[in-house]
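Here's the structure, in structure tokens; my notes come after.
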Amino acid sequence: MNKDLLLEIKDLTVSVKRKKEAVPVVRGVDIDIPRGGIVGLVGESGCGKSMTAKSVNRILPPFAETTGGSILWHDSPGETTDLLKLKEKEIRKKCGTEIAMVFQEPMTSLNPMMRVGDQIREVLKIHKIEKDPAVSKERVVKMLGAVGIPQPELRYNSWPHELSGGMRQRVMIAMAMICSPKLLIADEATTAVDVTIEAQILDLIRDMCHASHMSALVITHNMGVVSAICDHVYVMYLGSIVEKAPVRELFTNPLHPYTRGLLSSIPRIGNNPEYLETIPGNIPVVRKPFSGCDFCMRCSDDVRKCFMESPEMREAGNDHYVRCHTALTGPDPGESKGTE
Amino acid sequence: MEERVLLSASHLCKKFRLDRKNSIYAVRDVSLDIYRGETLALVGESGCGKSTLARLLLRIIKADEGSVLFEGRDITGLSEKALLPYRKEMQMVFQDPASSLDPRMRIRDIIAEPLETWRIYDDRRKIDDRITELLEMVELNEDCLDRYPHQFSGGQKQRIGIARAIAAEPKLIVCDESVSALDVCVQAQILNLLKRLKDRLKLTCLFISHDLSVVSFIADRVCVMKNGAICEMDAAEKIYASPEHEYTKYLLSSIPKLIF
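Line by line, the protein sequences give chains A and B. In this text, residue positions in the first sequence follow the working numbering: the first is 15, and each later residue adds one. In this text, residue positions in the second sequence follow the working numbering: the first is 105, and each later residue adds one.
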């Protein structure tokens, strides 16, 4: 591999404690984020997207912990640190200055008792980047302008409740970007805002990535968002990556039955069938150790092998990988259970 | 012969006071007709007055100006008591399935409640039969009847909400962002369900959503709102193929497109 990687998530496992037993919610996830690239992570709610993201800057909720794997941060092509092994103090320093995160809820992630400008300036103060109040204020105002907030000098003194949802999300992005991070993690950053604002915020993230050579990990359940800004996509189902590919490759040639199901269940303007295709069944809730493919219960390919052994990630060419027994070869007629 | 128009609103206005001096028009001078058997979609960004308009049409809140006719009769000025018969004819499915079901009621009681309130059946057995029929319509198993809402997933809860809404055979159901909180796969299942029910029961539906792709799947006519007023209302194909109003064009161009 000759890729210049910024972050490498390797075989990450996150478990949630429930009644004395540990339930794995993220199981052996590998994600590579190249320098300057935008990587998308998609899946339904509860599939472990957010848990994966939160393990990167180590803000998992108290009931969850990383139980295996490593998250390698490449400061420069020879210098590597494992974020999971850093001390609490060191990781806090890294988050905010080098890794920034934007959350879904712009209403609850801002402090309602603090003017938005001061909240952004706090970042500079805590990380001891800019001590002079006048200079840091000027920097904040410039940043507010850069994320497309009109009249940034006036808005500096606004309270969060005076701003609309889209404006608040811009403030969150400004706060994340103020230290010029190398990696931006956007966890459902546009889910709570309107389409018109969503388009603007996506443009903003993409422009910022291009302008300052920043990388981004975009977590979403919206395939439209993925196709709008990502270079590379990872599809997650029940805590593991089932398919990864460059964005155009994934949309033109989806291989995993889950990805195909996800794509066909989206209503499309101008091209609607009488009824939408859906994936039968629900996401399994109980996660007992199971030897077969996680998706076999909902899959249309009825092959015995899928119930017996868990598939490995296999390459399908064009930098496209898929975790499925049948996607590359098609169901083997000799192995079919004979229901058809 | 029944009239073609089920519900008709003319020149509706609703003003909300912000403080002593200022007030804001949430809905201004809106006139629209909902025809029997059609699905009319109300789209627009958040805060544009979609939900307020729906609540005015159902007479959940009172309009400042204008009138609402339901089957030709003016319901604008009716008292709560006089409204009761109309309440049965207009039901709502809400956005958040978790908070719109009473957590302390079993599914059986939730679905039976409208049947009992409107005294549709005098016999307990008939109520049970109707519940079984409703469950079959929304594709739920009968063994869920004695469980509580928290034991269901979001999609299943939304199915229960739909069963409750159609229980008393209303003439109009209002779906206020009913599929917005669901994952794509579940959303597709619920959309299919709504479409099937619409065909089977000849439902008239006011479908409120901010998602134009969802609306394109389900709606016969689309009404685009901005700042409390209607900017464009036309047949769905027309709106999507050749939008006339600038704002409609802007909305359509903002949707993140799937490339292929």
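Beta carbons are placed, not taken as given, at the ideal position from N, Cα and C, and that holds for glycine. Keep in mind the model is a prediction, meaning the values are calculated, not measured.
1. If you measure beta-carbon to beta-carbon, which residues of the stretch 286 to 319 of chain B are closer than 7 Å to chain A?
2. For the stretch 64 to 88 of chain A, list the alpha helix (DSSP H) runs that are entirely contained and at least 4 residues long, ordered along the chain.
3. Taking CB distances under 7 Å as the criterion, tell me whether Ile211 of chain B reaches chain A.
4. Between Arg135 of chain A and Ser150 of chain A, is the Cβ-Cβ spacing less than 7 Å?
5. Check whether the Cβ atoms of Val30 of chain A and Phe77 of chain A sit closer than 7 Å, and answer yes or no.
6. Please state whether the Cβ-Cβ distance between Gln118 of chain A and Asn125 of chain A is less than 7 Å.
7. Against Lys118 of chain B, what residues of chain A qualify as contacts under a CB-to-CB distance less than 7 Å, listed in chain order?
8. Of all the residues that make up the stretch 336 to 361 of chain B, which are near chain A by a beta-carbon distance shorter than 7 Å?
9. Give me, in chain order, the residues of the same chain whose beta-carbon lies closer than 7 Å to that of Ser226 of chain A; leave out the 5 immediate sequence neighbours on both sides.
10. Is the Cβ of Ala213 of chain A closer than 7 Å to any Cβ of chain B?
11. Along the chain, where does the beta strand (DSSP E) that runs through Lys119 of chain B open and close?
12. Decide if Ile187 of chain A is buried, meaning its Cβ has at least 16 other Cβ atoms within 10 Å, or exposed.
13. Would you say Ser203 of chain B faces chain A, with C-beta separation under 7 Å as the test?
14. Rounded to a whole number of angstroms, what is the C-alpha to C-alpha distance between Pro281 of chain A and Glu202 of chain A?
15. Mind pulling the chain A residues with CB within less than 9 Å of Ser282 of chain B?
16. Is there a C-beta anywhere in chain B that falls below 7 Å from the one on Ile73 of chain A?
17. Following the continuous beta strand (DSSP E) through Lys330 of chain B, name the residue where it begins and the one where it ends.
18. Mapping the DSSP letters down to three states, classify Gln195 of chain B as helix, strand or coil.
19. Which runs of the alpha helix (DSSP H), 4 residues or longer, sit entirely within the stretch 233 to 276 of chain A?
20. Distance cutoff 7 Å, beta carbons only. Does Ser155 of chain B sit that close to anything in chain A?
21. Report the neighbours of Asn332 of chain A on chain B: residues whose CB is nearer than 8 Å to its CB, in chain order.
22. Trp87 of chain A and Thr95 of chain A - do their beta-carbons sit closer together than 7 Å?
23. Span of the beta strand (DSSP E) holding Arg132 of chain B?
24. What's the gap between the Cα of Phe265 of chain A and the Cα of Gly60 of chain A?
25. Take Cys248 of chain B and list the residues in its own chain whose beta-carbon comes closer than 6 Å to its own, dropping the five residues that flank it on each side.
26. Which of the three DSSP states is assigned to Lys185 of chain B in this structure?
27. Grouping DSSP H, G and I as helix and E and B as strand, with all else coil, what is Thr204 of chain A?
28. Kindly provide the ranges of any beta strand (DSSP E) runs that are 3 or more residues long and lie completely inside the stretch 157 to 203 of chain A, ordered along the chain.
29. Starting from the beta carbon of Glu149 of chain B, find every residue of chain A whose beta carbon is closer than 7 Å, and list them in chain order.
30. Looking only at its chain, what residues have a beta carbon closer than 7 Å to the beta carbon of Ser320 of chain B, apart from the 5 residues adjacent to it on each side?
31. Are the CB atoms of Met329 of chain B and Pro274 of chain B within a distance shorter than 7 Å?
32. Quick one: list the residues of chain B neighbouring Leu231 of chain A, beta-carbon separation under 7 Å, in chain order.
33. Please compile the residues from chain B whose C-beta is within a distance smaller than 7 Å of the C-beta of Gly275 of chain A.
34. Do you know how far the Cα of Glu169 of chain B is from the Cα of Val131 of chain B?
35. Is Ser257 of chain B close to chain A, meaning its C-beta is less than 7 Å from at least one C-beta of that chain?
36. Out of A:Lys142, A:Leu158, A:Leu138, point me to the one whose CA is closest to Leu177 of chain A's CA.
Based on what the coordinates show:
1. Asp287, Val288, Cys289, Ala292, Gln293, Leu295, Asn296, Lys299, His314, Leu316, Ser317, Val318
2. none
3. no
4. For Arg135 of chain A and Ser150 of chain A, yes; Cβs fall inside 7 Å.
5. yes
6. no
7. Within chain A, no residue has its CB atom less than 7 Å from the CB of Lys118 of chain B, the nearest being about 21 Å off.
8. Tyr344, Tyr354, Leu355, Ser358, Ile359, Pro360, Lys361
9. Ser194
10. Closer than 7 Å to some Cβ of chain B, the Cβ of Ala213 of chain A qualifies, so yes.
11. 109 to 121
12. Per the 10 Å Cβ criterion, buried.
13. For Ser203 of chain B, not one C-beta of chain A is nearer than 7 Å to its own C-beta.
14. 20 Å
15. Chain A residues near Ser282 of chain B: none, gap ~14 Å exceeds 9 Å.
16. It does not: the Cβ of Ile73 of chain A has no partner Cβ on chain B nearer than 7 Å.
17. 325 to 330
18. Strand, per DSSP.
19. 237 to 243, 261 to 266
20. no
21. Within chain B, no residue comes near Asn332 of chain A; the closest Cβ sits about 15 Å away, beyond 8 Å.
22. yes
23. Counting along the chain, the beta strand (DSSP E) containing Arg132 of chain B begins and ends at 127 to 139.
24. 23 Å
25. Ile211
26. helix
27. Three-state result, Thr204 of chain A: coil.
28. 197 to 201
29. Asp208, Thr210
30. Ala340, Tyr344
31. no
32. Per Cβ cutoff of 7 Å: no residues; Leu231 of chain A is ~17 Å from chain B at best.
33. Residues of chain B with a Cβ closer than 7 Å to the Cβ of Gly275 of chain A are, in chain order, Cys289.
34. 10 Å
35. Closer than 7 Å: yes.
36. Checked all of A:Lys142, A:Leu158, A:Leu138; the closest Cα to Leu177 of chain A is A:Leu158.
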